[in-house]
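In my numbering, the protein residues as written are 2 to 504.
First up is the structure itself, then whatever we jot down about it.
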């Protein structure tokens with residue numbers, strides 16, 4: 002039910018009425034009246050007394066409405082109207098002011114007769130509107146603060162650059178120029194140089210606050226540390242190389258002969274101008290030393306390095322289960338880094354080092370990948386001239402690297418990987434060879450480790466043969482060295498105690 006307050010004509014000529022709602026009514030059937038207007042019968046709905054729950058909801062509604070009006074920044078007249086209305090039902094009827102209140106909800110509010118239910122509806126809608134406004138305000142505040150922080154940092158950086166320029170310390174202001182200087186004059190392959198240019202162009206366009214800025218610089222730093230075009234000159238004197246190998250190791254003629262053959266091929270190719278035949282590939286080699294523990298596989302790799310005059314790096318593969326350890330991580334990963342092959346090249350400082358792949362038979366595999374499969378490309382002479390690390394994503398030429406793998410057994414090495422290496426077996430030493438190794442190498446080393454002079458303890462041939470035959474049962478010499486160390490420690494104890502008599 003409503004009372005007509007006034008009648009007026011709109012600018013478009015249509016008539017309009019201003020009405021004031023008085024009470025709710027149930028609309029009944031039609032009735033005959035004067036004129037052409039539609040008349041209906043209506044029954045006034047008597048307003049129910051407000052319950053305690055309705056009064057409590059009205060109090061919450063006023064609080065939510067005031068908070069919403071404060072967020073909207075205005076609405077004093079609406080606030081005063083809300084304060085003047087005491088009846089919860091009438092207070093709910095004022096909910097039409099809530100922002101973006103849909104027509105369906107307004108109709109629902111009009112159709113709800115119970116005052117308590119009506120004020121509950123209005124309270125829920127007011128809280129929803131308040132939450133939306135507060136969220137929008139938080140987003141606006143965060144964006145504004147972020148923009149202000151960026152502007153502040155930009156101004157500070159500009160001021161810092163100006164100060165450095167005045168002090169003559171502006172050399173590091175342009176990282177792109179610094180990187181270009183680092184790569185200038187380097188013997189970069191064409192595809193690597195193109196990749197560097199692309200990343201430098203991207204670095205110029207990237208904000209220093211972006212995470213990608215740090216990724217690009219880390220990638221460029223890694224690439225700049227690699228020894229592009231750096232190679233050690235091989236010692237191609239075959240007699241000298243064999244002398245170095247013989248001085249360091251007794252026996253092991255097969256592997257010594259293989260290294261001499263490798264040098265002979267290098268020497269002939271260099272003398273006859275075929276050192277870089279086959280499309281620029283060089284004569285690398287991939288050798289697998291297989292034998293029981295203690296026969297000198299790892300130390301033999303170091304001796305080969307001295308004989309060749311190359312850099313030496315050791316890559317321990319025992320227990321490696323993640324393929325990324327070999328091929329590196331994608332740059333999109335947090336904490337990404339290149340694989341062990343790239344890091345070993347950086348450590349060696351040359352592109353033709355001796356790589357000792359230690360314990361290749363103990364490489365594992367799990368859900369993270371199969372490292373032995375990643376090694377297939379590394380150890381394949383037909384592929385390793387274009388090895389691609391996941392982190393660098395550029396081709397690396399490993400064809401000039403001498404790979405020496407060590408293993409105790411062949412059974413655990415996958416067939417495809419074993420097919421790519423040249424197996425040299427080290428079956429162990431004879432008794433005479435063990436005696437010679439002890440006399441020429443082990444005794445001197447243990448004397449030094451135990452602080453003894455060579456003339457203080459002397460092993461004759463019979464003593465060494467007795468230690469080898471009676472106290473060791475191994476194909477290698479590791480336990481033999483331990484037994485010699487045990488004897489020398491007892492001698493050192495007596496000498497330190499002032500009793501230099503015979504042990």
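Idealized CB from N, CA, C, for every residue including glycine.
Answer yes or no: do residue i and residue j have a C-beta to C-beta separation smaller than 7 angstroms?
{"i": "residue 28", "j": "residue 41", "result": "yes"}
{"i": "residue 379", "j": "residue 373", "result": "no"}
{"i": "residue 469", "j": "residue 444", "result": "no"}
{"i": "residue 123", "j": "residue 96", "result": "yes"}
{"i": "residue 318", "j": "residue 355", "result": "no"}
{"i": "residue 37", "j": "residue 21", "result": "no"}
{"i": "residue 481", "j": "residue 473", "result": "yes"}
{"i": "residue 59", "j": "residue 120", "result": "yes"}
{"i": "residue 26", "j": "residue 43", "result": "yes"}
{"i": "residue 201", "j": "residue 180", "result": "yes"}
{"i": "residue 339", "j": "residue 390", "result": "yes"}
{"i": "residue 418", "j": "residue 358", "result": "no"}
{"i": "residue 409", "j": "residue 463", "result": "no"}
{"i": "residue 347", "j": "residue 221", "result": "no"}
{"i": "residue 66", "j": "residue 127", "result": "yes"}
{"i": "residue 164", "j": "residue 130", "result": "no"}
{"i": "residue 186", "j": "residue 296", "result": "no"}
{"i": "residue 264", "j": "residue 246", "result": "no"}
{"i": "residue 144", "j": "residue 72", "result": "no"}
{"i": "residue 177", "j": "residue 204", "result": "yes"}
{"i": "residue 114", "j": "residue 46", "result": "yes"}
{"i": "residue 316", "j": "residue 345", "result": "yes"}
{"i": "residue 89", "j": "residue 51", "result": "yes"}
{"i": "residue 434", "j": "residue 274", "result": "no"}
{"i": "residue 328", "j": "residue 216", "result": "no"}
Among the candidates the options, whose CA atom is the shortest distance from the CA of residue i?
{"i": "residue 183", "options": "205, 223, 237, 160", "result": "223"}
{"i": "residue 440", "options": "408, 485, 411", "result": "485"}
{"i": "residue 321", "options": "113, 57, 370", "result": "370"}
{"i": "residue 125", "options": "64, 215, 328, 325", "result": "64"}
{"i": "residue 1", "options": "299, 49, 381, 45", "result": "Residue 1 is absent from the model: the chain starts at 2 and stops at 504."}
{"i": "residue 392", "options": "406, 341, 139", "result": "341"}
{"i": "residue 69", "options": "360, 101, 185, 46", "result": "101"}
{"i": "residue 237", "options": "226, 221, 492, 260", "result": "260"}
{"i": "residue 307", "options": "9, 250, 333, 344", "result": "250"}
{"i": "residue 430", "options": "293, 338, 493", "result": "293"}
{"i": "residue 24", "options": "66, 91, 417, 176", "result": "91"}
{"i": "residue 499", "options": "457, 152, 323, 114", "result": "457"}
{"i": "residue 244", "options": "196, 257, 446", "result": "257"}
{"i": "residue 248", "options": "301, 383, 413, 134", "result": "301"}
{"i": "residue 262", "options": "366, 234, 305", "result": "305"}
{"i": "residue 490", "options": "447, 330, 167", "result": "447"}
{"i": "residue 471", "options": "412, 432, 492", "result": "432"}
On the DSSP bridge list, what partners appear for residue i?
{"i": "residue 407", "result": "290"}
{"i": "residue 356", "result": "314, 404"}
{"i": "residue 249", "result": "DSSP, once it has assigned bridges, lists no residue as partnering residue 249."}
{"i": "residue 17", "result": "9"}
{"i": "residue 388", "result": "397"}
{"i": "residue 40", "result": "32"}
{"i": "residue 4", "result": "21"}
{"i": "residue 45", "result": "26"}
Does the beta carbon of residue i come closer than 7 angstroms to any beta carbon on chain B?
{"i": "residue 487", "result": "Among the chains in the structure shown there is no chain B, since it carries only a single protein chain."}
Please determine whether the Cβ atom of residue i lies at a distance below 6 angstroms from any heavy atom of the ligand FMN.
{"i": "residue 10", "result": "What this structure holds is no ligand at all, so the ligand FMN is not there to describe."}
Where in the segment 192 to 240 do unbroken runs of the alpha helix (DSSP H), each at least 4 residues long, occur, reported from the N-terminal end onward? You should have 212 to 226.
Taking one C-beta from the segment 422 to 433 and one from the segment 285 to 293 each time, how about it: are there three or more such pairs within less than 8 angstroms? A contact exists between the segment 422 to 433 and the segment 285 to 293.
Can we say the segment 305 to 324 touches the segment 184 to 192, given the rule of at least three CB pairs closer than 8 angstroms? Taking 8 angstroms as the limit for Cβ pairs, the verdict is that the segment 184 to 192 does not touch the segment 305 to 324.
Could you tell me which whole alpha helix (DSSP H) segments of length 4 or greater appear in the segment 411 to 461? 416 to 419, 432 to 438, 444 to 450, all fully within the segment 411 to 461.
Any 3 or more C-beta pairs closer than 8 angstroms across the segment 250 to 270 and the segment 447 to 460: Put simply, the segment 250 to 270 does not touch the segment 447 to 460. Fewer than three CB pairs are less than 8 angstroms apart.
Does the segment 384 to 401 come close enough to the segment 346 to 353 to have 3 or more Cβ pairs within less than 8 angstroms? Three or more pairs of CB atoms, one per stretch, sit closer than 8 angstroms, so the segment 384 to 401 contacts the segment 346 to 353.
Every unbroken alpha helix (DSSP H) within the segment 90 to 152, with a cutoff of 4 residues, ordered by chain: Fully enclosed alpha helix (DSSP H) runs of 4 or longer: 104 to 112.
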